[in-house]
Amino acid sequence: MRFLISLSDQILGALLTFIVNLWMAREGGPDAYGVYALWLAVAWISGAAQSTLVTSHLAGLNASDQEERETAERFFLTIHILFVFAAAAITAGASAILLHRNSPFHASSAVFFVPFFLIYQYTRALFFAHHRPDCATALTASTLFLFIGMASVCSFYGYAPTPDIGLALAGTSYGIVALIWLVGFTKGRRPLVQWQAIRPHLHYLRSSGWILLGAGSSELTNRLFSFVTAGRYGANSLAMLSATQVAIRPAWMLSAAWSSVSQPQLARLWRDHNHRRFLAVLGAGLLFPLLGSLLWTGGVELGWPEISRLLYKGRYERNGHLILLWGCNVVLGGLSAVGGTAMLAMKRYRSLAITDVLAALTTCACMAALSRNADYSLIIVGTLAGQAVQCLSMALYLKGALHDTSHAEQASPPSSTSENGAPQSGRISVRPTTQR
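Heads up: the sequence shown runs through residues 1 to 436, numbered per the UniProt record's numbering.
In C-alpha cells form, the structure reads like this:
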C-alpha cells in the first residue's frame with residue numbers, strides 16, 4: 001500500500017512537471033520555454049543541495065523519541081530557512097548580472113520561484129519522514145490543481161506564457177500550497193534561533209560532506225546539458241531538448257517510487273546481514289523500472305509524430321530522434337538510482353561520492369569535446385557517458401562489497417561502523433531523490 005501511495009505521489013509530481021512544461025512549450029515560444037527550462041534546472045540543483053543539508057536527514061529521525069525528534073526537526077527547519085534565504089540572495093544576484101549583460105536568460109520571477117520550489121521540496125520530504133505519503137500526495141495534488149487553475153485563467157485572458165509568467169505561476173503554486181501544509185502539519189512549530197540550542201544538533205551534519213559531494217556530482221551529470229546547451233546553442237535548442245525529455249520523464253516514476261519505499265528496507269536487511277533478501281529487493285528495483293522505461297520509450301518513439309501534434313501543435317515533430325537518446329538516459333538513470341540507494345543503505349557515502357565524481361568528470365569531458373563542433377542533440381551523449389561510468393562503478397563496487405562482507409562475516413563478528421567511521425545508529429540517510 002505504501003508503494004502504491006508513493007507511486008501515486010510520483011505520478012502526480014510527474015504530471016505537475018509535465019503540465020507546467022507543456023503549457024510553456026505549447027503556448028509560449030521556444031525561447032521563452034528554454035529560459036524557463038534553465039531556471040528549472042537551477043531549482044533542481046538547489047533542491048539537491050538542500051537535500052544533503054536538510055531533507056536527507058529527516059528520515060533518519062524516526063528512530064528517535066518524540067521530544068528529541070521534534071527538537072531535531074526545529075533545528076533542520078532553521079537550516080532550511082537559512083538555506084532558502086541564501087538561495088534567494090544568490091538567485092537575485094545572478095538575475096541582476098544577467099540583466100546587466102542583457103542576457104536573454106534573465107527572468108525576475110526566478111528570485112522567488114527557486115525559494116518557493118525549495119519550500120515545497122522540504123515540506124514533501126517532511127511528510128515522507130513521518131511516514132505520511134498520503135499527505136505528500138495531497139500536497140502535490142493541491143499544487144497541481146492550483147497551477148492548472150491559474151494557468152487556465154491566464155490562457156482565458158489571452159496571456160501567452162513568458163518566462164516571468166511561467167516562473168511566477170509555478171513558484172506561487174509551489175510556495176503557497178507548501179506553506180499552508182507546512183504550518184498546518186507542524187502546528188506552527190518554530191525554528192531554533194539561539195546558538196546554545198542549535199549547537200548540540202550540529203552532529204547531524206557530519207555526514208553531509210560526502211553526501212553533498214556525491215549529490216552535487218550527480219546533479220552535474222544530470223543537469224549540465226541544460227547549461228551547456230543554453231550557453232553554446234541558445235534557448236531555442238534547450239527548448240527542443242527539454243520538450244522531448246518531458247515526454248520521456250514519466251518513465252522515472254517507478255524508479256523514484258521504488259527508491260522512496262525501499263531505502264529503509266534495504267538498510268534494515270543490510271544491518272541484519274540478510275544478503276539474499278537484500279539482493280532480491282535490488283533485483284526487483286532493477287527489473288520493474290527497466291521494463292517500464294523500455295516500454296514507455298518504445299511507445300513514445302513509435303507515436304512521436306502524433307504525440308508532438310497533440311502536445312506541442314507539431315512544433316517539435318522533427319526532433320523525434322532525441323526520444324531514443326532520452327530513453328537511454330532514463331534506463332541508465334534508473335540503474336544508477338538503484339545502485340545509489342543500495343550504497344546509501346550500506347552507508348557507503350564516500351564510495352558513492354567517488355562514483356558520482358567519476359560520472360561528473362566523464363560528463364564534463366565529453367560535453368567539452370562535443371560542444372566544440374557537434375550538433376546540439378549530441379550533448380545528451382555526454383550525459384549518457386557519465387551515467388554509464390556511474391552504473392559500471394556502482395556495479396563493481398557492490399559486487400566487491402558483497403563478496404568482502406561475506407568473507408568478513410565468516411572470519412569475525414560484523415563491524416558496527418559505517419564506511420566514514422560513523423556509528424551505525426538508527427538514522428538512515430537518504431540520497432536526494434526528486435521528481436525529475
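Note that CB positions come from ideal geometry on N, CA and C, so glycine has one too.
Remember, it's a predicted structure, so these values are computed and weren't measured experimentally.
Limits of the unbroken alpha helix (DSSP H) element including residue i
i	result
P161	Premise fails: P161 is in no alpha helix (DSSP H) and is neither H nor E.
Q265	M253 to R271
Q194	Note, Q194: premise wrong, no alpha helix (DSSP H); not H, not E.
R309	W304 to Y312
D134	P133 to F156
L332	L322 to A345
A235	A235 to I248
G28	Here G28 belongs to no alpha helix (DSSP H), and DSSP marks it neither H nor E.
L82	Q66 to H100
A107	No alpha helix (DSSP H) holds A107; DSSP gives it neither H nor E.
L220	S208 to R232
T363	Y349 to N373
Buried or exposed (CB count within 10 angstroms, at least 16 for buried), residue i
i	result
V338	buried
S242	buried
P200	exposed
F85	exposed
R249	buried
A96	exposed
W195	exposed
I307	buried
D9	buried
W210	buried
F116	buried
A385	buried
Sequence-distant residues of its chain with Cβ nearer than 7 angstroms to residue i (five each side left out)
i	result
R318	none
I79	L53 and V54
S46	A87, V114 and L118
Among the options, the one whose alpha carbon lies nearest that of residue i
i	options	result
V261	L384, L220 and T341	T341
M346	T52, L279 and I307	L279
D237	S371, A359 and P289	Strictly speaking, residue 237 in this sequence is Ser, with Asp absent from that position. S237 has its Cα closest to that of S371, out of S371, A359 and P289.
A136	V177, V193 and F288	V177
G166	C366, H321, L324 and E27	E27
G334	L99, T297 and A256	A256
L22	Y312, G327 and M394	Y312
G214	A25, A401 and I354	I354
T186	R132, F225 and C366	R132
W258	G234, A284 and R276	A284
H106	Y120, T91 and F116	T91
Q66	L98, A43, V111 and H130	H130
residue 438	V246, I198 and F225	With the chain running from 1 to 436 in the structure shown, residue 438 is simply not present.
D134	L291, A94 and L4	L4
M24	A160, T383 and T143	A160
A94	P289, M343, L38 and E68	L38
G175	V193, T297, L352 and T143	T143
T297	L325, E68 and P305	L325
Q121	C154, A43, V111 and L99	A43
Cβ neighbours of residue i in the same chain (closer than 8 angstroms, five flanking residues each side left out)
i	result
A141	L12
N102	none
L294	G327 and V331
R189	E70, E73, R74 and L77
R309	E317
residue 441	Shown here, the chain extends from 1 to 436; a query on residue 441 therefore has no answer.
Whole-angstrom C-beta distance between residue j and residue i, which should lie under 8 angstroms
i	j	result
Q390	D356	7 angstroms
A49	L212	7 angstroms
T229	L322	Wrong, their Cβ atoms sit about 12 angstroms apart, outside the cutoff.
L139	F127	7 angstroms
W252	A14	7 angstroms
A359	S217	7 angstroms
N329	I379	That pair is no contact at about 11 angstroms.
Sequence-distant residues of its chain with Cβ nearer than 6 angstroms to residue i (five each side left out)
i	result
S109	D164, L167 and A168
A239	P30, Y33 and G34
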